[in-house]
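According to this note's numbering, the sequence shown is numbered sequentially starting from 295. In this text, a Cβ means the ideal position worked out from N, Cα and C, and glycines have one as well. Model, not experiment: these values are computed from the prediction.
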Amino acid sequence: MTITRAVLPAAALAACLAWGPALADTQPAAPASAHLPGRISTEALKMIPVDQAYASSGWSESFLASDSIEAKAYVRTLANPAWDGRGVGTKGIDSAATWISARMRAAHLAPGGDKGGWLQPFEITTGVVAEAPCRLEVQRAGAPPAYELGAALQPLGFSSNGRAKARVVFAGYGISAPAYRYDDYAGIDVKDAIVLVLTQEPGEMDSTSRFDGNVNTPYADLRTKAINAREHGALGMIVVNGPRYHAGEPIRPPATDGGGYMSSGLLAAQVGEDAANAMLSGSGRTLASAQAAIEADTLPHSFALPDSVTLTVNLRRTRATTSNVIGILPGRDTTRTLVIGAHYDHLGYGGPSSLAPNSHEAHVGADDNASGVTAMLLVAEKLGRKAARGQRPTHTIVFIAFTGEEMGLVGSSHYTDEPARPLESTEAMLNMDMVGRLRNNQLQVMGTGTAVEFDTLVTMANAARPLGFAGVDENGWSRPKSGAAGEPVAAAHFKLSRSADGYGPSDHSSFYKKGIPVLFLFTGSHPDYHRPSDTWDKIHAAGLVRVASFAAALMESLDARPKPTPQKAKAEATQGRIAGGGGYGAYLGTIPDYMQTEGGVLLSGVRNGGPADQAGLKGGDVIVRFDGIRVDNIYDYTFALRSRKPGQDVRITVKRDGKDLDLVATLGRRP
Ligand SMILES: [Zn+2]
Ligand SMILES: [Zn+2]
295 MTITRAVLPA AALAACLAWG PALADTQPAA PASAHLPGRI STEALKMIPV DQAYASSGWS
355 ESFLASDSIE AKAYVRTLAN PAWDGRGVGT KGIDSAATWI SARMRAAHLA PGGDKGGWLQ
415 PFEITTGVVA EAPCRLEVQR AGAPPAYELG AALQPLGFSS NGRAKARVVF AGYGISAPAY
475 RYDDYAGIDV KDAIVLVLTQ EPGEMDSTSR FDGNVNTPYA DLRTKAINAR EHGALGMIVV
535 NGPRYHAGEP IRPPATDGGG YMSSGLLAAQ VGEDAANAML SGSGRTLASA QAAIEADTLP
595 HSFALPDSVT LTVNLRRTRA TTSNVIGILP GRDTTRTLVI GAHYDHLGYG GPSSLAPNSH
655 EAHVGADDNA SGVTAMLLVA EKLGRKAARG QRPTHTIVFI AFTGEEMGLV GSSHYTDEPA
715 RPLESTEAML NMDMVGRLRN NQLQVMGTGT AVEFDTLVTM ANAARPLGFA GVDENGWSRP
775 KSGAAGEPVA AAHFKLSRSA DGYGPSDHSS FYKKGIPVLF LFTGSHPDYH RPSDTWDKIH
835 AAGLVRVASF AAALMESLDA RPKPTPQKAK AEATQGRIAG GGGYGAYLGT IPDYMQTEGG
895 VLLSGVRNGG PADQAGLKGG DVIVRFDGIR VDNIYDYTFA LRSRKPGQDV RITVKRDGKD
955 LDLVATLGRR P
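Shown next as structure tokens:
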């Protein structure tokens, strides 16, 4: 599901994940260590006292005030615009991976990637490019021979490939929206036809429009229009900008973004006004008059056209190699493993997950998630230093910088399929995503219900958290408030807000769905989220170090304890967004598998006690039909959920053990 502006900001828990990736052009990478201060000298280390209380626990030491300077430098390095917004498929993200592995090496970790290296590479589809032949031929005397790929025609990224000759029906805005009592398809037959539809929705710029004023509803989404056309039996959809507000606007090449390429199962292209007018001319109408008729009374005015067209689309999927970065701290007991991770990819130069959709600047992602990577590296440095002095952890600790999180948890899913240490030996996973904006000392901890012991463990770690950061100012400089210069000052403990659920919009979900207890740290969303303005200078470095120190305390506590006892956590209402529905329509309570792309929607699981659970759906099922609507991918599924109401009974067809199975669910309201 593509996150729209209307949906996203309300989701306070939304850490990071949005559907659909972003790709980018490439630029030369910045030198990896250009503005690094380097590790602090041994002399400097001696100058800053280690927190005695924590050190006396036998296996810990405090973080240092100077870590704050280092933290800021790390974030700044990762969030350098020259690193292409760390978009998957760019040179910049590869530079980031090289830099992270260098930091892991310096932290005394051993390489945990493939073939003895730090990287765990794999191939993914990153998007599509349009190639000739892509054309539209209008079968009408006097029309140009063809509208070719370029300024006159561009396929939509989710088009299927092929060629169709068919009659044409003008279907207004291509919207069927019972909630708005509006249906462009009422009273027309588009079976085996190609529909010509306008972009946007009626009353686009009208603040009094019943389509949510001048805010777009999900019905304006082109993918939604394509699925709607297909469900009405159309073979193809041609979209055109309405001249009322968008006259003369150039048409754009297909979005080169990941999720965008999943086929909608029909031919789809955008054309310029000329081509649309050529298609309409046999009817005696123009695009402007056809649009004006709808706008006049906000009622559908659809009609069949006398001429037929031939539409040809040819899209090629692009592939890229991308890598998780993995470092290992070997433990004394080789049969026990802990994982700590943070994703290092971001949105590149924008794309559908960007909340600044018209920006093509590097989305540098300082908080999302250079901050989490930095915190993980600080934990690695701390535990690595201790190990180098002979204080090895009991568990083998696997440190992972994940790729492809923004594309749908791709890197963490790859890791759980091909783990560096067996998943059966992995006792817990700690994830950090957006931990660089600590405000009012508030830290969100999720996953506390995924193991019996976690609530206590979190409470203890917060109570025992090492001190020494209250005297560090925003710029990372030591500014003691009491005691001798350089002496640590007790910091207030975090105000924790907890949620039990192990499913959430970041990489810990990939581990939780494999039955591993998870914890997730997050300092909250902000107006720079998924925008180019998420820059390094807005990072609260001292707060970030405190989160890292809390993470280290959690890891040390996990290391000192017996294996946590996994349990099924209560679902959180606020995370319904990833359970399907996108904030509109009905609630089923399913957890789709992010890695599944086409051929149905594979479920990782269902919400305890939710409508899907009660209907008998379970993890491993592949949903292929939903109340008569074909479900080939997550977009179809979102469309289907959105088009039905709470309280309705729906028949859901799933594939289970190779057989089709029909189940009936009563849709709920989003809890
Ligand atoms: Zn993130
Ligand atoms: Zn994100």
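Would you give the residue range spanned by the beta strand (DSSP E) that R950 belongs to?
-> Position 656 of the sequence shown, counting from 1, holds the residue named residue 950. Unbroken beta strand (DSSP E) run through R950: D943 to R950.
Nearest to G903 by CA position, among A391, P860 and T960, is which residue?
-> Start at 1 with the first residue of the sequence shown, and residue 903 comes out as number 609. The residue with the shortest Cα to Cα distance from G903 is T960.
Give a single yes or no on whether E655 has its beta carbon closer than 7 Å to a heavy atom of ligand 2.
-> Taking the first residue of the sequence shown as position 1, residue 655 is located at position 361. Not so, every heavy atom of ligand 2 lies at least 7 Å from the Cβ.
Kindly examine ligand 2 and report whether one of its heavy atoms sits closer than 7 Å to the Cβ of E700.
-> On the sequence shown, residue 700 is found 406 positions in, with the first residue counted as 1. Answer for E700: yes, Cβ within range of ligand 2.
Identify, in the order they occur along the chain, each residue of the same chain with its Cβ nearer than 6 Å to the Cβ of D408, setting aside the five sequence neighbours on each side.
-> Taking the sequence shown and counting its residues from 1, the one referred to as residue 408 is at position 114. Excluding residues within five positions, the ones whose Cβ falls inside 6 Å are Q414.
Residue environment, S583, which counts as buried when at least 16 other CB atoms sit within 10 Å = For the purposes of this step, residue 583 is identified with residue 289 of the sequence shown, where counting begins at 1. It is exposed - the Cβ of S583 has fewer than 16 other Cβ atoms within 10 Å.
Give the straight-line distance between the Cα atoms of L732 and T829, rounded to the nearest whole angstrom.
-> The residue given as residue 732 occupies position 438 in the sequence shown. The residue given as residue 829 occupies position 535 in the sequence shown. Those two C-alpha atoms are separated by around 15 Å.
Could you please give the first and the last residue of the uninterrupted alpha helix (DSSP H) stretch that includes E567?
-> Residue mapping note: residue 567 aligns to position 273 of the sequence shown, counting from 1. In the DSSP annotation of this structure, the continuous segment of the alpha helix (DSSP H) that includes E567 starts and ends at E567 to L574.
Who does A514 pair with in a DSSP beta bridge?
-> Indexing the sequence shown from 1 puts residue 514 at position 220. Residue pairing of A514 in beta bridges, as defined by DSSP: absent, with no partner found.
Enclosing beta strand (DSSP E) for R919 [first to last residue] = Residue mapping note: residue 919 aligns to position 625 of the sequence shown, counting from 1. That run of the beta strand (DSSP E) goes V916 to F920.
Can you find a heavy atom of ligand 2 that lies under 7 Å from the Cβ of D662?
-> Stepping through the sequence shown from its first residue, residue 662 is reached at position 368. Yes, Cβ of D662 sits closer than 7 Å to a heavy atom of ligand 2.
How is K789 classed by DSSP in three states: helix, strand or coil?
-> Locating residue 789 in the sequence shown gives position 495, where the first residue counts as 1. Strand.
Does the Cβ of H689 lie closer than 7 Å to at least one heavy atom of ligand 1?
-> Reading the sequence shown from its first residue, position 395 is the one you call residue 689. Checking the Cβ of H689 against ligand 1 gives no.
Chain-order list of residues whose beta-carbon lies under 6 Å from that of S791 (same chain, five-residue window excluded) | Residue mapping note: residue 791 aligns to position 497 of the sequence shown, counting from 1. Taken in chain order, the residues that qualify are Q738.
Helix, strand or coil: which one does DSSP assign to K953?
-> For the purposes of this step, residue 953 is taken as the residue at position 659 of the sequence shown. Correct three-state label for K953: strand.
Indicate whether T947 and A863 have their beta-carbon atoms separated by less than 8 Å.
-> In the sequence shown, the residue the question calls residue 947 occupies position 653. In the sequence shown, the residue the question calls residue 863 occupies position 569. No. Outside cutoff.
Burial state of D954, where buried means 16 or more other Cβ atoms lie within 10 Å | To locate residue 954, count along the sequence shown from 1; it is residue 660. So D954 ends up on the exposed side.
Boundaries of the beta strand (DSSP E) in which F597 is found, first to last residue | For the purposes of this step, residue 597 is identified with residue 303 of the sequence shown, where counting begins at 1. Residues F597 to V607.
Minimum C-alpha distance to R938 - residue among D915, V916 and R964 | For the purposes of this step, residue 938 is taken as the residue at position 644 of the sequence shown. Considering only alpha carbons, the answer is R964.
How about the stretch 672-682 and the stretch 651-663: do they share at least three Cβ pairs that are nearer than 8 Å?
-> no
Please name the residue in K519, L516 and E495 whose C-alpha comes closest to that of N510.
-> Start at 1 with the first residue of the sequence shown, and residue 510 comes out as number 216. N510 has its Cα closest to that of E495, out of K519, L516 and E495.
Please determine if the stretch 839-848 and the stretch 810-817 are in contact, where contact requires at least 3 C-beta pairs separated by less than 8 Å.
-> Per the Cβ contact rule, the stretch 839-848 is in contact with the stretch 810-817 (3 or more Cβ pairs under 8 Å).
Closer than 7 Å: is that where the CB of S819 sits relative to any heavy atom of ligand 4?
-> As for ligand 4, it is missing from this structure, which binds only ligand 1 and ligand 2.
DSSP three-state call for N522: helix, strand or coil?
-> By one-based count along the sequence shown, residue 522 stands at place 228. N522 falls in the helix class under three-state DSSP.
Nearest-angstrom Cβ-Cβ length linking R457 and A440, presumed shorter than 8 Å | Taking the sequence shown and counting its residues from 1, one reaches residue 457 at position 163. Taking the sequence shown and counting its residues from 1, one reaches residue 440 at position 146. The pair is not a contact, with the Cβ atoms about 12 Å apart (cut-off 8 Å).
Reference T690; option with closest CA among S719, D711 and T518 | The residue labelled residue 690 in the question sits at position 396 within the sequence shown. It is S719 whose Cα lies nearest to the Cα of T690.
List the DSSP bridge partners of V489.
-> Within the sequence shown, the letter at position 195 stands for residue 489. DSSP lists V463 and M531 as partners of V489.
What three-state label does DSSP hand Y479 in the structure shown?
-> Here residue 479 refers to the residue found at position 185 of the sequence shown. Residue state, collapsed to three classes: coil.
Is the closest heavy atom of ligand 2 to the C-beta of H595 under 7 Å?
-> As a position in the sequence shown, residue 595 is number 301, starting the count at 1. No, ligand 2 has no heavy atom inside 7 Å of this Cβ.
When you compare each of A835, T419 and I923 to A614 by their alpha carbons, which one comes out closest?
-> Position 320 of the sequence shown, counted from the start, is the residue given in the question as residue 614. For the residues A835, T419 and I923, the minimum Cα distance to A614 belongs to T419.
Apart from the five residues on each side of it in sequence, which residues of its chain come closer than 7 Å, Cβ to Cβ, to A714?
-> On the sequence shown, position 420 is the one that residue 714 refers to. The answer, listed in chain order, is G406, I620, I622 and V692.
Specify, as a first and last residue, the run of the alpha helix (DSSP H) that Q433 falls within.
-> On the sequence shown, residue 433 is found 139 positions in, with the first residue counted as 1. Unbroken run through Q433: none, as it is neither H nor E.
What residues are listed by DSSP as bridge partners for N618?
-> Counting from 1 along the sequence shown, the entry for residue 618 is found at position 324. BP columns for N618 point to Q414.
Are the beta-carbon atoms belonging to Q258 and P547 less than 8 Å from one another?
-> For the chain, the structure presents residues 295 to 965; residue 258 sits outside this window and is missing.
Extent of the continuous beta strand (DSSP E) to which F814 belongs = Residue mapping note: residue 814 aligns to position 520 of the sequence shown, counting from 1. It spans V812 to F816 - the beta strand (DSSP E) in which F814 sits, taken as one unbroken run.
Sorry if obvious, but does the Cβ on H1005 come closer than 7 Å to a heavy atom of ligand 2?
-> An answer regarding residue 1005 cannot be provided, because it is not within the stretch 295 to 965 covered by the chain.
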